[in-house]
Structures are given as C-alpha cells and as structure tokens.
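Take a look at the structure set out below.
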Amino acid sequence: MTVAESPNASSEISLYVIDHRGQKHSLVALDGWRAMEVIRDWGVGIKAECGGACACGGCHVYVDPDWMYRIPAPSEEEIERLDEVHRVEPNSRLCCQIMMTPELDGLTLTLAPGSEPD
Ligand code: FES
Numbered sequence: 000m001t002v003a004e005s006p007n008a009s010s011e012i013s014l015y016v017i018d019h020r021g022q023k024h025s026l027v028a029l030d031g032w033r034a035m036e037v038i039r040d041w042g043v044g045i046k047a048e049c050g051g052a053c054a055c056g057g058c059h060v061y062v063d064p065d066w067m068y069r070i071p072a073p074s075e076e077e078i079e080r081l082d083e084v085h086r087v088e089p090n091s092r093l094c095c096q097i098m099m100t101p102e103l104d105g106l107t108l109t110l111a112p113g114s115e116p117d
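This is the structure in structure tokens:
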C-alpha cells in the first residue's frame, strides 16, 4: 500500500484515509473541520451528496479500531442515518459528523462501499 501525501503534511492535524482502491492518503486537517470536508477538499473522492447535513449517508467510513473509542460518540441523528446505509459494521461512522481537533491527530478512516463518488 502506498501513501499519497498532501502538501505540507508534516504540520497541522493529520488525517489518514484509505480510499476505495486501498490507497492510503495522509491529509492535513484543520481544527474544526469535518473529516468529510477534509477528504472531499483534498480530492480523495467521497460521495457526501448532502454536504455534511447528515442526510445522505454518502460519507460512510470505517474507523480504525484504535480510534473507535477516542472519537466523540455519534448523535441519535447519525445513528438513525447509519441504519439506512449498506454494509454497516460496529466501527461505522458518518465522517461528516466527525469534527477534527488536535486530539484526533492521526485518526485513520477507511471509506466504506457506497461512499464512492458517481
Ligand atoms: Fe451526507 Fe455525511 S455528507 S450524511
């Protein structure tokens, strides 16, 4: 597996994303940005049709097990939306509901089937 690094990846908050082809990306995230926005804006490729409104389920990801209990728990709204997506696993989350903070430096997410852009 290769690591594709975004520019200036040595500073700020790092977000690691494994895309639908199995390629790992090292992305710079800004404090307060949604993980979905970071993935989308670096051009990794994610459906995210609703733009972060927790309405489409197109930002479904699997959270690395090491991080599962280090990120804030999902809201009731997110849990309800996850009920509507395919291939849900215990570590499933909607990444538009994960706010990046310095505490999440190194967070690793895998894009789930169904979150590929059209
Ligand atoms: Fe639509 Fe996350 S972007 S639910």
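Just so you know, we're using numbering that gives the first Met the number 0 here: the sequence shown kicks off at 0 and counts up by one.
Think of the CB as a built atom: it goes at the ideal place given N, C-alpha and C, for glycine as much as any other residue.
For residue i, the residue or residues it bridges with in DSSP
| i | result |
| --- | --- |
| Ser91 | Tyr61 |
| Ser13 | Val27 |
Sequence-distant residues of its chain with Cβ nearer than 8 angstroms to residue i (five each side left out)
| i | result |
| --- | --- |
| Asp117 | Lys46 |
| Gly113 | Lys46, Gly56, Gly57, His59, Val84, His85 and Arg86 |
Spatial distance of residue i from residue j (CA atoms)
| i | j | result |
| --- | --- | --- |
| Met67 | Ala34 | 14 angstroms |
| Ile17 | Pro64 | 14 angstroms |
| Ala52 | Thr109 | 20 angstroms |
| Pro73 | Gln96 | 8 angstroms |
| Ile38 | Pro71 | 19 angstroms |
| His19 | Glu77 | 22 angstroms |
| Cys49 | Arg80 | 12 angstroms |
Distance between beta carbons of residue j and residue i, contact taken as under 8 angstroms
| i | j | result |
| --- | --- | --- |
| Ile12 | Met99 | 6 angstroms |
| Gly44 | Glu115 | 7 angstroms |
Cβ shell of residue i (< 6 angstroms), same chain only, five flanking positions each side left out
| i | result |
| --- | --- |
| Pro89 | none |
Interface flag, residue i vs chain C, CB-CB below 9 angstroms
| i | result |
| --- | --- |
| Glu88 | Absent from the structure is chain C; it holds one protein chain and no more. |
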